Each structure stands twice: as structure tokens, then as C-alpha cells.
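Our numbering numbers the first residue of the sequence shown as 1 and each following residue consecutively. Backbone N, C-alpha and C fix where the C-beta goes; we use that ideal spot for every residue, glycine too. These figures come from a predicted structure and were not determined experimentally. Here's the structure, in C-alpha cells; my notes come after.
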Amino acid sequence: MKAYPEKVMALLGTGETGAALRLCEQYCRESPGQAEAWFLRAGVQSQLGALDEVAKCCRKVVELSPGHVGAWYNLGVALQGLHQHEQAADAYAKAISLNPAYLSAYINIAAVLRQIGRKSEALRYARAAVKLDPRQFAAVNNLGLALLDQGEYNAAIEQFDAAARLDPGAAGPRLNKCLALGLRGDRDAALGGLAALMESDPGNAEVVKEAGKIQRRLGRLDDAIATYRAACERHPENPEFGNLLGLALVEAGRPQDAIVWVERALAARADYAEAYNTLAGALHALGDIKAASTTFERAIAIDPRCALAHNNLGLLLQEAGDHAGAERHFRAALAIEPASAEFENNLGTVLMSQGRFDEAIATFRSAITHNEGLAAAWNNLGNALLCVDGFRENFPEANKAYLRAIELQPDFAEACYHYGTCLQQQGRFEEAYVQFGRATALRPDYPEASAGQVMVLERLGRIGEAEGILHPLLQTHQDNVLVALAFGVLAKHLDKRELALSTLERLDPEGLEKWGRIQRDFVLGDLYNDAGDYDRAFAHYHAANTEDHPGYSVEQTERLFTTQMQAYAHSGHKQHRRSRNRSKLPVFIVGMPRSGTTLLEQILASHPDVHGAGELEDIYHLSASMQQRLSSALAYPHCMREASQDALDRIATEYLEQLSHYAPGAKRIVDKMPHNFEALGLIDTLFPGARVIHCMRNPIDTCLSIYFKHFNSFHPYASDLKSLGLYYRQYERLMAHWKRTLTIPIMDVQYEEVVANQEEMSRRIIEFIGLDWNERCLNYHELDRTVNTPSYDQVRKPIYTGSVERWRRYEKHLGPLLEVLDA
1 MKAYPEKVMA LLGTGETGAA LRLCEQYCRE SPGQAEAWFL RAGVQSQLGA LDEVAKCCRK
61 VVELSPGHVG AWYNLGVALQ GLHQHEQAAD AYAKAISLNP AYLSAYINIA AVLRQIGRKS
121 EALRYARAAV KLDPRQFAAV NNLGLALLDQ GEYNAAIEQF DAAARLDPGA AGPRLNKCLA
181 LGLRGDRDAA LGGLAALMES DPGNAEVVKE AGKIQRRLGR LDDAIATYRA ACERHPENPE
241 FGNLLGLALV EAGRPQDAIV WVERALAARA DYAEAYNTLA GALHALGDIK AASTTFERAI
301 AIDPRCALAH NNLGLLLQEA GDHAGAERHF RAALAIEPAS AEFENNLGTV LMSQGRFDEA
361 IATFRSAITH NEGLAAAWNN LGNALLCVDG FRENFPEANK AYLRAIELQP DFAEACYHYG
421 TCLQQQGRFE EAYVQFGRAT ALRPDYPEAS AGQVMVLERL GRIGEAEGIL HPLLQTHQDN
481 VLVALAFGVL AKHLDKRELA LSTLERLDPE GLEKWGRIQR DFVLGDLYND AGDYDRAFAH
541 YHAANTEDHP GYSVEQTERL FTTQMQAYAH SGHKQHRRSR NRSKLPVFIV GMPRSGTTLL
601 EQILASHPDV HGAGELEDIY HLSASMQQRL SSALAYPHCM REASQDALDR IATEYLEQLS
661 HYAPGAKRIV DKMPHNFEAL GLIDTLFPGA RVIHCMRNPI DTCLSIYFKH FNSFHPYASD
721 LKSLGLYYRQ YERLMAHWKR TLTIPIMDVQ YEEVVANQEE MSRRIIEFIG LDWNERCLNY
781 HELDRTVNTP SYDQVRKPIY TGSVERWRRY EKHLGPLLEV LDA
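Right under this line is the structure:
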């Protein structure tokens, strides 16, 4: 048995690898429990390049001898060669745990971890390798690359300089230094270093290849083309340079020239998968989609592990609307290169196209983890965050994502536009206008961004400026849905409703995305309503609501409201503890949406001692966090029965301190979130000194007004007349319970009474919240304040009666609603 290793080594020495393998196999058959037999066999398989067999043999070794350091290391090498990077990293880590001084394992694990995007771990192992041997060339160069991944360019350059001193003949560290200089912003130094390298060693194909890649990465395509062209002349036998030249020509917008060079490369190597990928890219750029698709498929058939071909075919399929096919190829690319942020970003976009927004968010976040500097992934993350249900909670993260995209790429017009849209949704109209302006400055012909400017200027009441932007836009882009919508919204101020109607009617609904169809119908409904054509108006409102009808369960609402009523039942609620904080700072305006809440807030906000904070989501978040805040096993609202006096006092104080930040010094701060009517039990418990104003309006007018506006998925009842009536009855049931049960003062205010007798009702409301009367409250429409609700334009006008009994104009269309409301 002892003779086997010597005989195997002798056969290997004479090049008889096959005979050596057969001898190893015999050795393993005779001694299947001998770890060294399997280790020897792994070594011979390695000579043959059979990495699968190497991995199998090494696994057998560590099964028999778990402490065999060499087998763990060789297993890592084999798995790394098989692109099984995660498992390779685990094997190297095991080798290091058995031998903490195993330098090669440190070097290899750092390289593998970089490949799979675990950059902070890679840096840790790279530092450890240099600490073990500061004069090991590979370790020092590796540390430079790990620092480069972290954006620590100066530190990386120091390591590349040190590696170059250790091996003056090695080009790698000097190439890496050029890349680091370029990424640091020293492009002239980077390009000068590349030129010096190529001049000193013009015959080094590897130097030329890497130099061209760096030139492309730095955006110097003309330099890269010249570099590759010279390499093709110097190395005509090497088809790689023809392919690289073709790739640079495609990137430079010269696909026809690219095809000439790529075909030369393929003539020299018919099975060159990467060249077929480049050829397909050139064909795609020329508009020959069918030929491009076939050529990408050929590249994949030659080399199923050609990640770029999978990715590029995915992009082509996505462009053609085959989202499932695109996803399949993006995932195939990621199976080969799991740390590619670019591939993940592409996968995220196709998931977005399929409405799988949560998956897209996770994918974009992963892409950013693998490449924090990928501006496109930050922008796409912001977009995805605003597409999910409850997107308003994602505003802070979306804002940060867009800002990071713009910071990384200051000329990123799309990111400026999307950030503007995000700010617009938050009611931050002045800031949105700035971002839309940045987008149009970067790309003058950007109709979506210009339309965004028009929309926010209309919200701000700056009609003349809005018209100045819109007029030339209509000359060139009136078929753009956002431009047409902006005209539809602005037309009422310009007395151009008929022209706006014809502009919107000309848009083909079949050619619009779902969002565009919905918005078009709502705006057309408003325009026809203003024109007195109520049948056409209703037809468009109905079409919009039918298009976006999420489905509503009155049973679910009934269960939710019943739970609230049970938790705050009359007998039990009287025994509940309440906060001892009697602050009068908060005023809550509640009721159904479209019941006059915005008008009442505007009247109150006109008082010098009152701040109108708008529709705050603070109470919703507070109720959602109560179980955690109280460390209770019971969900809200049942956890409230376990609340201690100290806990209630603490929570109330924290909330009131947060509320005061909206307007330090104000005596009253108004939260006009209508749906806070659902949380009045919690409000009564935490803020017994507060005041609640309950807005009421004719039920049919209220429901119809909701139906005429586009509400989000938090209002599933809003897009169906019967559902609206059913929900309204549940709202009435819950409010009746609160009035029987709660001790907090609640004032019912009828919208129609405010319209009929503004001063008397306004005085009563101001008295109710405990303030002295102020005449400014009668001139609420003069208040310079931006309102981010559907009623924003109405509160700029004096009291008017046009919305009272509005439903009668549409009576013949309202059968399902009238039936439920018994009207």
C-alpha cells in the first residue's frame, strides 16, 4: 500500500497521467477508508482538469478525515473553478480554521468573496493575508483590489504601488493602479499610466486588453478603439482583440463597423461564444431583432455559462415584452455571476414589469449591496418603493435612494425626474419643481419632466408660469399622455376646457398603460362635469373606477370595526387607564374622505395660533406599534387592556413632543387624516385633552365625490358604488359607537351648515378648540398654504354652494349606491 504514492508520482513524472489515475482508482478500491488514497486521486484528477472529480474526492477525504487541511483547501480550489463560489468560500474558511497561518487560503478566499459581492469579508481576509506575509505579491495586490471595491482609492493605490515594488515586472498592479486613479477622478493620470504601460511593453497582449477595458470604463471609447485596433494589427492571430474592438465599436454607436471585426474573430475561432454575443449586440443596435435573438441563442448554445449572452438576451426579450423569458435569462446570468449588480438591476426591472414589486425591491437592494455605486439600481429602488401598497411609508427610503442616484451620477436626468415625482406625491411641490427643472436642464426635450413642472405650478397657484411651460410643450408633445393630462388639469384656469377635451380624447386608450388610461378618464370626467355634460362625465368616472377596482370585502370592514368596538366597549372602556397628559395641542379632524375635512382645516389654519399639519399618518403608525411599545403578547387593540399608567403617559408624551415639531410655538396642531375615525378609541386613551371635529356631509354627495377621485389601495371601497354605500354604513356604525362610549369631546360639523353659514360655524369651531375668535378665519382662501389633497383648489376660493346636492345631476347612474343608502 505504501508503494502506491511513489508509483503514482513516478507515472506523473513521465506524463502517464491516465495510468496514474487507474492506479489511484485501484488504491481507493483496496483502501476505501484511507483518506490519503482519495487525496492522491484528487491530485491526479486535478492534473486532468476534472474539477468535478477533484471535488468528489476531496469531499471523501474530509468525510474520512475532517481535519485534513489540504483537502479542504483543494476542495475550495475545485469549487472555485466550478464557479460554486459560496461553497468554495466555506471550504477555504474551514482550511483557515484548521490552520490559521494558511496564506494561500486567505488569498483565495478573499478573491472568491469579492466575486460573490461579500466585499467587507473579502477585505478582512485580504488584510489578514498581508499581515501573515507583507511581502507576498498576490496578497498585497489582492488587498488593493479589496480596498478598491470599498471605494478606498488612496489606500488601494498604496497597495498596488507596494505590489509593483515586490514584482517590478508584473503589469497587474500597475493596471489596477490606473483603474483606481480613474475611479478616484484622476483620469489624466490614469490614461497616462496606461499609455506608459503599453509603450514599455507593446507586445504584452494582457496589458493591451486590460488597458482597453479601463479606457472603456472611464468613458474613453475612442482611446479604447485605437488600443484594440493596434492590438489587432500586432496580434492578428488573437481573435480576442477583434471581439473587444467590436464591443467598443458597438458601445460607440458604430455597429456596422463592429460586425466587420467580430466576423474576423469568428473566422479565426468558430466556437467563440463571446464574439457571438458581441455580434448579436451589433445586430440589435442595427434593429435586426430576429437575427440578434438567434445570435444570442447561438452564443449560449456554444457556452451555456456565457453570462453576458444570457443577460443581453434577457434585455432583448424584455424590450419585446416577453417578461417571463427575460426573467429566465437574467436568472441564468445570475446563476453564473451571482454578485453582478448589473444583472440584478436588470432582473429587478423585469420583476417591476410583472408587478412583483416586493421581489423587485429585494433585488435592487441586493444589487446595491454588490455595487453601492450603481446609480441605476438606486433610481430603480426608489421607483419600486413607490409602487407597493402603503408606499407612503417608503417615502424616506425612496428620497434617499433618488438622492444617492443623483449624487453618484449628477447628469442622471431620469433620477431627477423620478425624485421630483416622489416629492410631488409628498406635497413638497417647490422641491419637486426644482427637480423637474434639473431634469429638463439635463435633457431639454423631456416632456414628462416639463409636464411635472406644469402640474406642481398649478398646485402652487402659479398659473401664468405653468401656462408658459405648457404652451410650447403642446406644440410638440400633445400626444404625450402626461402633457395631455397636465393640459386637462390646467385648462379650467385658462378657460380652454374644450381644447383640453379634444386633446385627451385624441389619445388612444389602447396605446396607454393602465395608469395612463385611469388618469385620462378621471381628468376627462372632471372636464365634462365642468362643462355640464354629466352623462359623459359619469361614463369616464365609471371607466376609471372599473379599470382600477381592487375588490372590497364589507365583511372584513365589519370585523375590523367590531374588533375596535369590542376593545373599547362602553363598560370596559370606562375602566381603562388614560394618559394623565391633558395637552390641548392636538386637534383631530375625522370623517369620511371628501366630507369637508380640508375646508375645516383651512379655516382653522387661518387662525394665527393654529397649524394645519395636513393628513398625518402618525396615529396609524402609533396604533401599529402599540403591541411592541407595550411588550404585549396581544395584538392591537386588545393589548391596550394591559397598558400601565406609566406606559400610556410615556407614549402620549413622546407623540406630543413629535407633534410639536411640526410647528413649535403653535397652540393647536391639526391632524386632518379622515380615517383617524377608526382610531378614536386610542386617541381618547392617549390624548384626553385633545379635541375631535367630526366632519359630516350628505352621504350620497360624500360617496359620489369619493367615486370621482382616484384613491389608492387603502380605500378598496372607493371604486364601486355599492361598496361605497356599504362602507359608509359601517363608518356610521363605528362613529355611533364612539359617541356612546368615549369621553373625549367630539363636535359634529355638517358641511352644508358651514357652506350656508360660514361665520357662525367658524366661530363655534374656534370656540370648541378653546381659542379666541380671529377674523382671519373668514378669509381662509387667502392663506398662503399648500394643500396636498384633492380639495386643494377649492380652498383657494371663498365659500361656494356648488357641491351641495351635487349628486342629483347623476341620480340616474347611482342606483347601487342609492339602494344601499336607502335614499
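Unbroken alpha helix (DSSP H) run spanning residue 847, endpoints: Since the displayed the chain opens at 1 and closes at 823, residue 847 lies outside it and no answer follows.
Distance, residue 404 Cα to residue 628 Cα: 32 angstroms
Under the three-state DSSP convention, the category residue 692 falls into: strand
Boundaries of the alpha helix (DSSP H) in which residue 396 is found, first to last residue: Counting along the chain, the alpha helix (DSSP H) containing residue 396 begins and ends at 395-408.
When 637, 174, 203 are compared against residue 194, the one with the closest alpha-carbon: 174
Neighbourhood of residue 442 by C-beta, 6 angstroms cutoff - its chain only, sequence neighbours within 5 removed: 411, 413
Cut-off 8 angstroms between Cβ atoms - residues of its own chain near residue 165, not counting five sequence neighbours on either side: In its chain, beyond the 5 residues on either side, no residue has a beta carbon closer than 8 angstroms to the beta carbon of residue 165.
The segment 136-148 contacting the segment 389-402, beta-carbon criterion three pairs below 8 angstroms: no
Distance between residue 289 and residue 17 (C-alpha atoms, nearest Å): 48 angstroms
Beta-carbon gap between residue 689 and residue 581 smaller than 9 angstroms: yes
First through last residue of the beta strand (DSSP E) which encompasses residue 830: Within the shown structure, residues of the chain are numbered from 1 to 823, placing residue 830 beyond reach of any answer.
Residue 454 - containing alpha helix (DSSP H), residue span: 447-459
C-beta contact flag for residue 483 and residue 470 at 9 angstroms: yes
Neighbour flag for residue 341 against chain D, beta carbons, 9 angstroms: Here there is only one protein chain, and chain D is not present.
Contact the segment 99-117 vs the segment 336-348: 3+ CB pairs below 8 angstroms: yes
Per-residue DSSP class, three states only, for residue 746: In the structure shown, the three-state DSSP call for residue 746 is strand.
Cβ neighbour criterion (16 or more within 10 Å) applied to residue 396: So residue 396 ends up on the exposed side.
The segment 614-625 / the segment 543-559 touching (three or more Cβ pairs under 8 angstroms): These segments do not touch.
Buried or exposed (CB count within 10 angstroms, at least 16 for buried), residue 509: Of the residues assessed, residue 509 falls on the exposed side of the cut-off, its CB having fewer than 16 other CB atoms within 10 angstroms.
Buried versus exposed, by CB contacts within 10 Å (16 or more), residue 10: exposed
From 547, 614, 734, 589, residue whose alpha carbon lies closest to that of residue 711: 547
CA-to-CA distance, residue 614 to residue 478, given in whole angstroms: 34 angstroms
Secondary structure of residue 588, DSSP reduced to three states: strand
Distance CB(residue 181)-CB(residue 190) smaller than 9 angstroms: yes
For residue 610 and residue 670, believed in contact at Cβ under 8 angstroms, the rounded distance: 6 angstroms
DSSP three-state assignment for residue 858, whether helix, strand or coil: With the chain represented from 1 up to 823, any question about residue 858 goes unanswered, as that position is not in the structure.
CB contact flag (residue 524, residue 499, <9 angstroms): no
Neighbour-count burial assignment, residue 739, 16 or more Cβ in a 10 Å radius: exposed
Beta-carbon proximity check, residue 603 vs residue 368, cutoff 9 angstroms: no
Span of the beta strand (DSSP E), counted from its first residue to its last, around residue 612: 610-612
Identity of the residue in 444, 447, 493 nearest residue 464 by Cα: 493
Backbone secondary structure at residue 214 - three-state DSSP: helix
For residue 269, the three-state DSSP class (helix, strand or coil): Here residue 269 carries a coil assignment [DSSP, helix/strand/coil].
Straight-line Cα distance separating residue 512 from residue 357: Their Cα atoms are separated by approximately 21 angstroms.
Element boundaries [beta strand (DSSP E), containing residue 161]: No beta strand (DSSP E) contains residue 161, which is instead part of the alpha helix (DSSP H) from 153-166.
Contact set for residue 5: own chain, Cβ-Cβ below 8 angstroms, skip 5 residues either direction: 36, 40
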